[in-house]
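When you line the sequence shown up against UniProt numbering, it's residues 39 to 700, in that order. In what follows, a structure is listed as structure tokens, so that the remarks can point back to it.
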Amino acid sequence: ATHIKISPNNGDINVKKSDHEAEKTAISEDIQEARKKLPVYAVRNRILEEIRKNDTMILIGETGSGKTTQIPQIIHGARLEGAGAIAITQPRRVAAITIALRVAAESKTEVGSIVGYTVRFEDVTSPRTKIKYMTDGMLLREAIIDPLLKAYSVVVLDEAHERTVSTDVLFGIIKIAQKERTEKKLTPLKVIIMSATMDVDTFSKYFNNCPVIYLEGRTYPVTIFHSKTPHEDYAYAAVCTIFQLHSTMPFNHDFLVFLTGQEEIESVIYNIKQIAKSAAGPPLKLCPLYAGLPAGKQLQVWRAAPAGARKVVLATNIAEASVTIPGIKCVIDTGMVKERTWCGGTGAERLRVCRCAQAAAWQRAGRAGRDAPGRAYRLYTARDFQGRAAHNAPEIVRCPLAPTILSLIAMGVEPNTFPLINAPPADSVRTSLNLLRELGAVENVDTTPTLTVLGKKMAAFPIDPKYSKILLSAPEYDCLDEALSLVAILSSENVFHAPMHKREEALKVKQKFTSPLGDHITLLNVFKAFCKATLKKQWCKENYLNHKNLTYACEVRQQLLKICQRFNLNVSSCGQAHEQVLKCLLTGLFSNCAWLREGAAVGGARYVTAGGVPARLHPASALLPARPPALVYSELLHTTRAYLVTASAVQANWLPGGKRAR
Ligand code: ADP
Ligand code: MG
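Quick look at the structure:
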């Protein structure tokens, strides 16, 4: 492969200094000024030349150099996209949204006109949209409808190093689309693969030795400090470290703390506020940053702290590479991350806390050296660091593949010969094909798998095929109304919200929604009550429910309903005959059954799943303390033990024909 290094003219870009006074008068003029200082902007003509020359290229540049925000604008500025549009994929929905908002502001347009975004269940674009930020999952869905992606003349696959399943599959789709468009003499498809760090050789080889362009930016040295001894509770260690550093570091040094998720960030903020009341030192401006934070609040992160105060950003790994916050001098890294897992769920990502890879730790530390030399405090030992994996393993080799395989077949792609960079284990392809056959979605699995009529409908839903099957069978059980609500609520994050100090009370309140049939009907009761409530925010607070997640579930339900209406499904309700809903659940979740063991529990596990895994009911389950002999669950959660999460009692003879074996 050709390796091209592009340096800023005479290497002399003025990197913006952390200058709070300047930040405070942030008006649109400043946005333009800030743009011009980005490394990418300085070399835009050179980059443009390379883009013109190459149909496929890899662009590597330091995080914050302006790849994501500037490259699409540079292309559009030169009208290189012609009649088509430019798609830029992001692994995370928050990143797609915040970046689109930023780029719309930079180009002085309303988001949704020239610059827009599309994420699952939300489309803010118009026919005029030329620069479209989207999640990789959304572009994949568009490829199901048009595998040649004719709406686009340029596709930018951003954050390629994350190796999400969708991005990996898109690499293959794009490769095929590029070839076919050339053969059919259609507008050629330009492809740009972008990342801060990645294994370029593998990628370049995969894309027929395409050139690799390195953008040389400027970074400052970052001094790394490791903990001497391991910490039991990293969130607690983070709070202690913040206050230690707060008392010694100059006030204008902002902190960036890496945590794992919303609840953790909120509880850390709560603790900091409690301690800050009696601690010495200047005031703290605390800025959370996580997926699902309302867009307006996210933008807070880019505002400077008031004079004399210190800004502390508490972020998930979104601040690692997808968004850059200026002015950070000190990074506090817990070394933890929520990783996607696929234990059931509706295809919405499920997350599990685990140790991050070395590459991620280096990225995090690097955030402290954007504007000046900085420091990174790792709340884990050097030995712990050494023991970690160098890079993230691609998701595709460790996730269940049924949703992906269904999409591939829907695109007319033969799953066994599809060109993937890293092929998943052959076993897991076969298991997934069999599951799809049992769901009635695919036939001829042993020769050339094709979609059945039902399978075609299932592929139209942006959710796991197990759940689209449930929706499509619901009319037979007269419960599509309930099934829609249930699938919507299972697609959102936890709706129960029990703050640490109010746990008892929250449990008591939850009782009024609890159904003896189990967690699914309990969730349904919550959702129904939420829809009826007039003052929803207030009502959620009183009932210890998460307003944001319930509102999201309502939107999801709306979207799913639209697809059901397209198929003329009858949206009827089974009223109080809730057993119908459970029978219907089994049409998709027949493989998610567990049986009570006879005799003694093995190591406390009272159940065994259809797959033979010993497991126990999750302590929050409505089925406790009574334990039904058979149940269906939505998720099998592996922590130190295996838990059945969101479970309901069922009867063995409810299982659809042929699925009765245990
Ligand atoms: P890269 O993709 O190379 O990591 P980006 O294009 O994401 O870089 O970011 C370029 C610059 O734009 C960063 O310095 C970042 O601080 C700034 N930026 C991005 N989004 C916003 C925003 N919403 N408000 C203010 N600045 C932003
Ligand atoms: Mg980026």
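Glycine is no exception: its CB is placed at the ideal position from the N, C-alpha and C atoms.
Is residue 106 a contact residue of the ligand MG, with contact defined as CB to any heavy atom under 6 Å?
Here residue 106 corresponds to residue number 68 of the sequence shown, with the count starting at 1. Under cutoff, so the answer is yes.
DSSP on residue 690, reduced to helix/strand/coil?
As a working mapping, residue 690 is identified with position 652 in the sequence shown. Reduced to three states, the DSSP call for residue 690 is helix.
Compute the Euclidean distance between the alpha carbons of residue 64 and residue 78, then round it to the nearest angstrom.
By one-based count along the sequence shown, residue 64 stands at place 26. By one-based count along the sequence shown, residue 78 stands at place 40. Any reading at residue 64 needs caution, since the residue's pLDDT is 43, under 50, leaving its predicted position unreliable; the model's value is listed next. Each residue's alpha carbon lies about 21 Å from the other.
Name the DSSP bridge partner or partners of residue 553?
Position 515 of the sequence shown, counted from the first residue, corresponds to residue 553. 556.
Taking 6 Å as the cut-off, is the CB of residue 563 close to at least one heavy atom of the ligand MN?
The ligand MN is absent from the structure shown, which contains only the ligand ADP and the ligand MG.
Using a Cβ distance threshold of 8 Å, determine whether the stretch 517-527 contacts the stretch 598-608, with at least three qualifying pairs required.
yes
Just list the residues that DSSP pairs residue 228 with in beta bridges.
Within the sequence shown, the letter at position 190 stands for residue 228. According to DSSP, residue 228 bridges with 192.
Check the C-beta distance from residue 448 over to residue 489 and give it rounded, since I have them as a contact under 8 Å.
Numbered from its first residue, the sequence shown carries residue 448 at position 410. Numbered from its first residue, the sequence shown carries residue 489 at position 451. That belief holds up - the Cβ atoms of residue 448 and residue 489 are roughly 6 Å apart, short of 8 Å.
Might you give, ordered along the chain, the residues of its own chain that have their beta carbon closer than 6 Å to the beta carbon of residue 565, omitting 5 neighbours on each side?
Locating residue 565 in the sequence shown gives position 527, where the first residue counts as 1. Hits under 6 Å: 523, 527.
Using only the alpha-carbon positions, how far apart do residue 307 and residue 372 sit?
Here residue 307 is taken as the residue at index 269 of the sequence shown, counted from 1. Here residue 372 is taken as the residue at index 334 of the sequence shown, counted from 1. Spanning the two alpha carbons is a distance of roughly 15 Å.
Bridge-paired residues (DSSP) for residue 705
Limits of the chain in this structure are 39 at one end and 700 at the other, which puts residue 705 out of reach.
Determine the closest residue to residue 323 out of 334, 293, 620, with distance taken between C-alpha atoms.
Taking the first residue of the sequence shown as 1, we reach residue 323 at position 285. Comparing Cα positions, the closest option is 293.
State the Cα-Cα distance for the pair residue 392 and residue 266, rounded to the nearest angstrom.
Along the sequence shown, one-based indexing puts residue 392 at 354. Along the sequence shown, one-based indexing puts residue 266 at 228. Rounded to whole angstroms, residue 392 to residue 266 spans 20 Å at the Cα level.
Any heavy atom of the ligand ADP inside 6 Å of the beta-carbon of residue 364?
Numbered from its first residue, the sequence shown carries residue 364 at position 326. At least one heavy atom of the ligand ADP is nearer than 6 Å to the Cβ of residue 364, so yes.
Per DSSP, residue 706 forms a beta bridge with which residues?
Summary: the structure shown does not reach residue 706, with the chain confined to residues 39 through 700, and so no result is reported for it.
What residue from 274, 168, 246, 257 has the CA that sits closest to residue 234's CA?
Here the question's residue 234 lines up with position 196 in the sequence shown. Ranking the options by Cα distance to residue 234, first place goes to 257.
Determine whether the beta carbon atoms of residue 587 and residue 531 lie at a separation below 7 Å.
Stepping through the sequence shown from its first residue, residue 587 is reached at position 549. Stepping through the sequence shown from its first residue, residue 531 is reached at position 493. In contact: residue 587 and residue 531 (Cβ atoms closer than 7 Å).
Count the other CB atoms, across all protein chains shown, that sit within 10 Å of the CB of residue 605; report buried if there are 16 or more and exposed otherwise.
Counting from 1 along the sequence shown, the entry for residue 605 is found at position 567. Flag for residue 605 reads exposed.
Residue 249 versus residue 218: straight-line alpha-carbon distance, rounded:
To locate residue 249, count along the sequence shown from 1; it is residue 211. To locate residue 218, count along the sequence shown from 1; it is residue 180. Answer to the nearest angstrom: the Cα atoms are 21 Å apart.
Those runs of the alpha helix (DSSP H) which lie wholly inside the stretch 261-309 and span at least 4 residues:
272-284
Just the C-alpha distance for residue 541 and residue 354, rounded to the nearest angstrom, thanks.
Position 503 of the sequence shown holds residue 541. Position 316 of the sequence shown holds residue 354. In a straight line, the C-alpha of residue 541 is about 25 Å away from that of residue 354.
Sort out for me which residues DSSP pairs residue 492 with in a bridge.
On the sequence shown, residue 492 is found 454 positions in, with the first residue counted as 1. In DSSP, residue 492 forms no bridge with anything.
Cross-strand partners of residue 412 (DSSP beta bridge):
Looking up residue 412 in the sequence shown gives position 374. Beta-bridge pairing links residue 412 to 260.
Simplified DSSP state of residue 367, which is helix, strand or coil
Counting from one through the sequence shown, the residue named residue 367 turns up at place 329. Note: residue 367 maps to strand in three-state DSSP.
What's the gap between the Cα of residue 318 and the Cα of residue 285?
What you label residue 318 is simply residue 280 of the sequence shown in a count that begins at 1. What you label residue 285 is simply residue 247 of the sequence shown in a count that begins at 1. Looking at the two C-alpha atoms, the distance is approximately 7 Å.
I need the DSSP call for residue 418, collapsed to helix, strand or coil.
As a first step, residue 418 is located in the sequence shown; it is residue number 380 there, counting from the start. Three-state DSSP puts residue 418 in coil, outside helix and strand.
Best match in 195, 143, 162 for proximity to residue 71 [C-alpha to C-alpha]:
What you label residue 71 is simply residue 33 of the sequence shown in a count that begins at 1. If we check each option's Cα against that of residue 71, 143 comes out closest.
Looking at the strands, I want to know which residues DSSP matches up with residue 652.
Working through the sequence shown from its first residue, we reach residue 652 at position 614. BP columns for residue 652 point to 646.
Closest by C-alpha distance to residue 109, when choosing among 69, 273, 253, 159
For the purposes of this step, residue 109 is identified with residue 71 of the sequence shown, where counting begins at 1. Cα-wise, what sits closest to residue 109 is 253.
Any non-hydrogen atom of the ligand ADP closer than 6 Å to residue 400 Cβ
Numbered from its first residue, the sequence shown carries residue 400 at position 362. Checking the Cβ of residue 400 against the ligand ADP gives no.
Measure the C-alpha to C-alpha separation of residue 185 and residue 131 and round it to an integer number of angstroms.
Here residue 185 is taken as the residue at index 147 of the sequence shown, counted from 1. Here residue 131 is taken as the residue at index 93 of the sequence shown, counted from 1. Those two C-alpha atoms are separated by around 22 Å.
For residue 398, collect the residues of the same chain with a Cβ closer than 8 Å to its Cβ; drop the 5 residues on either side in sequence, then sort them by chain order.
For the purposes of this step, residue 398 is identified with residue 360 of the sequence shown, where counting begins at 1. Here the set comprises 355, 358, 375, 430.
Return the first residue and the last residue of the alpha helix (DSSP H) that residue 75 is part of.
To locate residue 75, count along the sequence shown from 1; it is residue 37. Element bounds for residue 75: n/a, residue is neither H nor E.
Can the beta-carbon of residue 231 be found less than 7 Å from the beta-carbon of residue 181?
Along the sequence shown, read from residue 1 onward, the residue named residue 231 stands at position 193. Along the sequence shown, read from residue 1 onward, the residue named residue 181 stands at position 143. Cβ distance not < 7 Å, so residue 231 and residue 181 don't count as in contact.
Does residue 326 come out as helix, strand or coil in the three-state DSSP assignment?
Residue mapping note: residue 326 aligns to position 288 of the sequence shown, counting from 1. Here residue 326 sits in strand by DSSP.
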